[in-house]
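Position one of the sequence shown corresponds to residue 207 (the working numbering), numbered consecutively onward. Quick reminder that beta carbons are idealized off the backbone N, C-alpha and C, glycines included. Only a predicted model underlies this, so the values are computations on that prediction, with no experimental measurement involved. Scroll down for the structure; my scribbles are underneath it.
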Amino acid sequence: MTDDAFVRLFQTRAGLTADGIVGPATLAALDKAFLPSAPVLEAPEPMLTGWDRRSLQNLQGVHVDLVRVMSLARTRSPVAFTVIEGLRTIERQRQLVAQGASKTMNSRHITGHAVDIVPHRPDGTLAFDWPLYYQVAPVIKAAAKELGIAVTWGGDWKSFRDGPHWELSRSAYP
Ligand SMILES: [Zn+2]
Numbered sequence: 207m208t209d210d211a212f213v214r215l216f217q218t219r220a221g222l223t224a225d226g227i228v229g230p231a232t233l234a235a236l237d238k239a240f241l242p243s244a245p246v247l248e249a250p251e252p253m254l255t256g257w258d259r260r261s262l263q264n265l266q267g268v269h270v271d272l273v274r275v276m277s278l279a280r281t282r283s284p285v286a287f288t289v290i291e292g293l294r295t296i297e298r299q300r301q302l303v304a305q306g307a308s309k310t311m312n313s314r315h316i317t318g319h320a321v322d323i324v325p326h327r328p329d330g331t332l333a334f335d336w337p338l339y340y341q342v343a344p345v346i347k348a349a350a351k352e353l354g355i356a357v358t359w360g361g362d363w364k365s366f367r368d369g370p371h372w373e374l375s376r377s378a379y380p
């Protein structure tokens, strides 16, 4: 089939005048036929390969974009880390506020927009250590930038710095 014949056939099938000229109406019909209508979101499953069991459990119910960032960062980080908390019930948040472990009932954990991650020491134990947070943080920020996903690190907060805490930015993900 020649290009001209294809254009005429396509125009006929699309209900357009079969004049063989690719004008705006034909272009729009071609775009509609061949371009995906929305960006295709990666399936979560392949991202989750390689995570430890505890992290996998805590990633349940977390926003897929935050999972994408953490999953990419996990493959690149020189220091291994575990997701120790993700989606939180309102009841658990109340307990944490009562204990002084959290300052707000407006937590991003309640909506699945936040995770807490803790780096590992060389022996595999969890290290709530700022020097290790600082090794992981640039890797997570780079992964987020690469994926075009805006994240906020609790370690950058001015009051109540929260080293393990990462959330999707409130402006991009209200
Ligand atoms: Zn947190």
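Any non-hydrogen atom of ligand 1 within 8 Å of residue i CB
i	result
P370	yes
V268	no
D322	yes
S365	no
H315	yes
G360	yes
E352	no
E297	no
Three-state class that DSSP yields for residue i in the structure shown
i	result
A320	strand
F287	strand
L374	strand
V357	strand
S365	coil
Q263	helix
M207	coil
A279	helix
L233	helix
P380	coil
R214	helix
V273	helix
R294	coil
Beta-carbon gap between residue i and residue j smaller than 9 Å
i	j	result
F287	R294	no
M276	I323	yes
H269	L353	no
A307	R314	no
I290	N264	yes
F187	A231	Limits of the chain in this structure are 207 at one end and 380 at the other, which puts residue 187 out of reach.
Y379	G361	no
R214	G226	yes
Q305	I316	no
P325	V285	yes
Closest residue to residue i among the options (Cα-Cα distance)
i	options	result
I355	K347, G361, D362	K347
S377	T358, M311, P370, A234	T358
P448	Q341, M311, A224	Since the first and last residues shown for the chain are 207 and 380, residue 448 lies out of range.
G318	T255, L272, T331	L272
W363	T218, L278, K309	K309
S283	V303, T218, A350	A350
G292	F212, R219, M207, S261	S261
In the region 296 to 354, which residue ranges form an unbroken beta strand (DSSP E) of at least 3 residues, counting only runs that do not cross its ends? 320 to 325
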